[in-house]
Amino acid sequence: MEPIDRSSGGGLEALRVELIKLVMSKGVANEKVIKLSEKLDCEIVSAMKTYSR
């Protein structure tokens, strides 16, 4: 697994991308996992808004 690039401040985003890649490679991209990643997206966005002030 490649190290997560934290220089862009997108550590969480990179983590989500890795999660999706892993899921796709296993072939279990089901509704539950997709919903979970969407929820994670919302968390990331709200965290970024909080810390970018």
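According to our numbering, the residues represented by the sequence shown are -4 to 48, in order.
Just so it is clear, CB atoms sit at the ideal spot from N, CA and C, and this is done for glycine as well.
Since the structure is predicted, the reported quantities are computational estimates derived from the model, not experimental observations.
Less than 7 angstroms divides the Cβ of Val18 from the Cβ of Val28. The Cβ atoms of Arg11 and Leu35 sit closer than 7 angstroms to each other. The three-state secondary structure of Ser47, taken from DSSP, is coil.
Setting aside the 5 residues that flank it on each side, Leu7 is surrounded in the same chain by Ile39, each with a C-beta closer than 6 angstroms to its C-beta; the list follows chain order.
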